[in-house]
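Q:
Residue numbers (my numbering): 3 to 1002.
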């Protein structure tokens, strides 16, 4: 098959060169597809030779005869011959060119057309299959798996490949005629994966031009629109435009990548940093299409954000999901570290401090592991200087700490101000500012004054006013130096663990179906009132204020099961949305929370246990945050479970079951599994659910079970989680402004006492001086901060600049993949018609019978091309639409008219047509007599190409004879997974069957 293709190409070239070039003044070439193959060990000569062998068998198979010697590569001739000898095969499996044919082959391309998508690692092996030789085994190399299916994102591979082509084939003019990436989900307008693929690959192309002097003249994005992806049917989508294949009209909608590519094609300038919004089409606000839902409206059931995030990520395979991303966070990104008052301060009754609920709780036997307390903790109340030195050593820009309410107001009210407590926080704040660190202050980190708890605590509505008085005092006293305030830390933990099951202070567990809701209700109102106080009196002179919320990421156990999807959404809404929905949306609880609690309350014979906000309260609550602060540590698989309605319970109200993520590393404490990818998904969910807010990660970390400074597990944790945060920021467009590590030092871990250790610095709790010692993780975190992320390897550093003058930007399709009209207006059947109509050959037994219906949509397709702003459009002609039986015996005028219309329409908008004569769809009538294994196909192809040159050549100046002959020969005539589906013997198909047809 390959032999016939090369001879057909060479003869077509000479026909054009001798008959049409002078009058038409065009160019003609061939498009070859090539993966870059990187030696597994770049210093091992055997591995390097395996790489060169692989390139010779894929690219050199066709490029060597056309661009160099006129014959096959020497290594290919030797290897095939050597294996033939091993198997006692006496005839030539690799056909031979005559000397005359070699001369005809040489130099038969005006340019090197390159289709490139991915790269592979390669190692040598000795491979002699028992069943006999194959084309694959003749390469003597194997490719270890690298990512999902066959396409891996390896941007630097294209640069290496371009340099190799330059050196191997005499510095030819190169046009990249295909490059792109697929998605598996069906409605992805927000195709950040494709935007970043183009950014990274095009950046490497620009490097090859500017730094390596490779003569690249153009770049073509595959593809114009989603289409029929051969054996995968419609399950993989490569398009810049989304196509609705369930709509008879085959609606086309631009994706985010279309706008990005338009910005390149229109300017010719490659920028490494995006400024402002991505460019959008004049007639379509793409960002509005992506974020079509008004974020202030109540969330749907399930939330549109939940569904879209799971659709985007849940089908991603592990290798792609866990791929490490190099890059830096934006300038001004805030690196921080955090603690909380009760966990580190000690001095529980020092200098007039009042008792807090955690003092009371920890002094109650049996409440804390080993009956430990926070009476001394890290003794930070007496160690301001030492703590500030630790913060300085880390190099952070912020330090988040909390104020102990009862250290300021011992009984929780303004009746008495404890000046010693005020002095302590003034000293800490001033010391931080002196070293250039910005204080971030949490007003409530779980330590309510016991005096307020004695009168009902968070279940007593008067706490709203008491908190506002306390917050107002802090704003007034410290606010001239504090620009970043947080009202409450993790209200879910306060309400459920403290007022539901009672394992945290104040230890209330008498009413798990009502108390958590009442406590949450008062927290939200207290937060809103404090925000409005700040807004009215301080915001203009000070800074911003918000609430820190928390959740585990919820992954549906089965993303294809609607009940699991709804359950995972309920989990997020009942833990996070419980507080975020009122504050960031409409001032009220999520609809799904109201619905669940109401329905279950009715079954229990009562009105809804969920308190109700008045209309005035909703107005006061909505919009009371200047940023979204999130604490995230781990993830869970969530599925639907019909929970008992008795006794009433907040946790049972959501009807969910949670379980560990399979394969995740179990860390300390028991609730914490290491699931880095959950962080990226959580950030994406926040972005979509709450209208693209400014986000700060205000806690993230992992514990260890022993006192050690060699905490490699924490280094690995930070590296993986922060990298996922970087992906969310850089790849997904999440407005992430800062990251806070929990925690500065080992401390009192609530009811676990001093068992779990989360600190970047180790604290010796057996020593009265509480000495602090830096751990390995503190050094790593400092390095991350200094680098502002994960700097690119020198190989991957971005480049900024202009492509050469007259550089061509293009996009591409092929006839069978988009045209449809498989038997319309006299078209003959092609091998892909036959193949796709054979059950079991194509995923879901799909066909290209209609595809994108482009045969009937010239105007629509040309409009898409016009909006992209490209200079060229590459498409292919269906041979059997012109010659139904593959011969000149009958010309189908309907097909001729279609291509004339397309060509003329392109020229009318100033776009140059690039025509591929053969993109895999051989007329079935020719296949019936041997197809590419019958040497007569050479003459048939030249009759067909001559007709095309004559008919269209006065308007087409850029011709490609064959697209990816490697695919045609190996997938179609070797292993038979592509049309025409021949797999009789992959080692003989290119020679013996060729000879059989020639001899018959």
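Glycine is no exception: its CB is placed at the ideal position from the N, C-alpha and C atoms.
Where do the ends of the beta strand (DSSP E) carrying residue 243 lie?
A: If you number the chain shown from 1, residue 243 lands on position 241. First-last of the beta strand (DSSP E) with residue 243: 243 to 245.
Q: Give me the Cα-Cα distance between residue 939 and residue 894, rounded to the nearest whole angstrom.
A: Counted from its first residue, the chain shown places residue 939 at position 937. Counted from its first residue, the chain shown places residue 894 at position 892. So the alpha carbons of these two residues sit roughly 20 Å apart.
Q: Have a look at the DSSP bridge pairing and note the partners of residue 100.
A: Within the chain shown, the letter at position 98 stands for residue 100. Looking at the DSSP assignment, residue 100 forms no beta bridge with any residue, so it has no partner.
Q: Would you mind reading off the limits of the alpha helix (DSSP H) that contains residue 423?
A: By 1-based counting over the chain shown, the position of residue 423 is 421. Its alpha helix (DSSP H) spans residues 421 to 436.
Q: Do the CB positions of residue 932 and residue 982 come within less than 8 Å of each other?
A: Taking the chain shown and counting its residues from 1, one reaches residue 932 at position 930. Taking the chain shown and counting its residues from 1, one reaches residue 982 at position 980. For residue 932 and residue 982, no; Cβs fall outside 8 Å.
Q: Is the shortest distance between the beta-carbon of residue 501 and the beta-carbons of chain B less than 8 Å?
A: Among the chains of the structure shown, chain B does not appear; only one protein chain is present.
Q: Using only alpha-carbon positions, find the residue among 109, 808, 74, 399 that is nearest to residue 218.
A: By 1-based counting over the chain shown, the position of residue 218 is 216. If we check each option's Cα against that of residue 218, 808 comes out closest.
Q: Use the C-beta contact count for residue 46: other C-beta atoms within 10 angstroms, 16 or more gives buried, fewer gives exposed.
A: Position 44 of the chain shown, counted from the first residue, corresponds to residue 46. Classification of residue 46: exposed, given that the 10 Å Cβ count is below 16.
Q: For the alpha helix (DSSP H) containing residue 681, name the first residue and the last one.
A: For the purposes of this step, residue 681 is taken as the residue at position 679 of the chain shown. Its alpha helix (DSSP H) spans residues 679 to 691.
Q: Under the rule that 16 or more other beta-carbon atoms within 10 Å means buried, what is residue 711, buried or exposed?
A: As a working note, residue 711 is residue 709 in the chain shown. Answer is exposed; the Cβ neighbour count stays below 16.
Q: If distances are taken between C-alpha atoms only, which option among 531, 509, 526 comes closest to residue 456?
A: In the chain shown, counting from the first residue as 1, residue 456 sits at position 454. Residue 509 is the option with its Cα nearest to residue 456.
Q: Could you tell me which of 821, 512, 643, 570 sits nearest to residue 684, measuring between CA atoms?
A: The count along the chain shown starts at 1 and reaches residue 684 at position 682. Answer by Cα proximity: 570.
Q: Do you know how far the Cα of residue 343 is from the Cα of residue 740?
A: Along the chain shown, one-based indexing puts residue 740 at 738. Along the chain shown, one-based indexing puts residue 343 at 341. Computed Cα separation, rounded: 22 Å.
Q: Shortest alpha-carbon distance to residue 605 belongs to which of 172, 967, 648, 266?
A: Start at 1 with the first residue of the chain shown, and residue 605 comes out as number 603. It is 648.
Q: So, helix, strand or coil for residue 75, using DSSP?
A: Residue 75 sits at position 73 when you count from the first residue of the chain shown. In this structure, residue 75 counts as coil in the three-state DSSP scheme.
Q: Taking buried to mean at least 16 other C-beta atoms within 10 Å of its own C-beta, is residue 729 buried or exposed?
A: Position 727 of the chain shown, counted from the first residue, corresponds to residue 729. By the 10 Å Cβ count, residue 729 comes out buried.
Q: Does the distance from the C-beta atom of residue 581 to that of residue 522 stay below 8 Å?
A: Start at 1 with the first residue of the chain shown, and residue 581 comes out as number 579. Start at 1 with the first residue of the chain shown, and residue 522 comes out as number 520. For residue 581 and residue 522, yes; Cβs fall inside 8 Å.
Q: Under 7 Å Cβ to Cβ from residue 519, same chain only, skipping five residues before and after it: list those, please.
A: Numbered from 1 along the chain shown, position 517 holds the residue referred to as residue 519. Same-chain partners within the cutoff: 611, 612, 613, 652.
Q: When the Cβ atoms of the stretch 618 to 627 are set against those of the stretch 592 to 607, are three or more pairs found closer than 8 Å?
A: These segments do not touch.
Q: Using 8 Å as the threshold, is the stretch 168 to 188 in touch with the stretch 208 to 226, meaning 3 or more CB pairs across them?
A: Result yes; three or more Cβ-Cβ pairs closer than 8 Å.
Q: So, helix, strand or coil for residue 1060, using DSSP?
A: In this structure the chain extends from 3 to 1002, so residue 1060 is not present and cannot be described.
Q: Roughly how many angstroms lie between the CA atoms of residue 1001 and residue 936, to the nearest whole one?
A: Position 999 of the chain shown holds residue 1001. Position 934 of the chain shown holds residue 936. Residue placement at residue 1001 is flagged as unreliable, the pLDDT there being 21, under the threshold of 50; a coordinate-derived value is accordingly withheld.
Q: For residue 287, which three-state DSSP category applies?
A: To locate residue 287, count along the chain shown from 1; it is residue 285. With a pLDDT of 36 at residue 287, under the threshold of 50, the modelled position of this residue cannot be trusted; read the value that follows with caution. Residue state, collapsed to three classes: coil.
Q: Is the separation between the beta-carbon of residue 703 and that of residue 763 shorter than 8 Å?
A: If you number the chain shown from 1, residue 703 lands on position 701. If you number the chain shown from 1, residue 763 lands on position 761. It is not a contact, given that the beta carbons lie outside the stated cut-off.
Q: Within 8 Å, do at least three Cβ pairs link the stretch 575 to 589 to the stretch 322 to 330?
A: Touching, no.
Q: Buried or exposed: where does residue 745 fall if 16 or more other Cβ atoms within 10 Å of its Cβ makes it buried?
A: To locate residue 745, count along the chain shown from 1; it is residue 743. Its Cβ being crowded by 16 or more others within 10 Å, residue 745 is buried.
Q: What's the C-alpha gap between residue 871 and residue 264?
A: Working through the chain shown from its first residue, we reach residue 871 at position 869. Working through the chain shown from its first residue, we reach residue 264 at position 262. In a straight line, the C-alpha of residue 871 is about 6 Å away from that of residue 264.
Q: Tell me whether residue 660 sits in a helix, a strand or coil according to DSSP, three-state version.
A: Position 658 of the chain shown, counted from the start, is the residue given in the question as residue 660. Strand.
Q: Tell me whether the stretch 338 to 357 and the stretch 719 to 735 touch, counting them as touching only if at least three CB pairs, one residue from each stretch, are closer than 8 Å.
A: With a cut-off of 8 Å, the stretch 719 to 735 and the stretch 338 to 357 do not count as touching, because too few Cβ pairs lie within range.
Q: For residue 154, does the count of other Cβ atoms within 10 angstroms reach 16, so buried, or fall short, so exposed?
A: Position 152 of the chain shown, counting from 1, holds the residue named residue 154. Flag for residue 154 reads buried.
Q: Can you tell me whether residue 642 is helix, strand or coil according to DSSP?
A: What you label residue 642 is simply residue 640 of the chain shown in a count that begins at 1. Strand, per DSSP.
Q: Using DSSP with H/G/I as helix, E/B as strand and the rest coil, what is residue 993?
A: By 1-based counting over the chain shown, the position of residue 993 is 991. For residue 993, the predicted model reports a pLDDT of 30, less than 50, meaning its position is unreliable and no value from the coordinates is stated.
Q: Taking the alpha carbon of residue 876 as the point to measure from, which residue in 944, 958, 804 has its own alpha carbon closest?
A: On the chain shown, residue 876 is found 874 positions in, with the first residue counted as 1. Comparing Cα positions, the closest option is 958.
Q: Which residues share a DSSP beta bridge with residue 818?
A: Your numbering for residue 818 matches position 816 in the chain shown. BP columns for residue 818 are empty, so no partner.
Q: Between 851, 783, 888, which lies nearest to residue 399 when the distance is taken from Cα to Cα?
A: Numbered from its first residue, the chain shown carries residue 399 at position 397. Closest by alpha carbon: 783.
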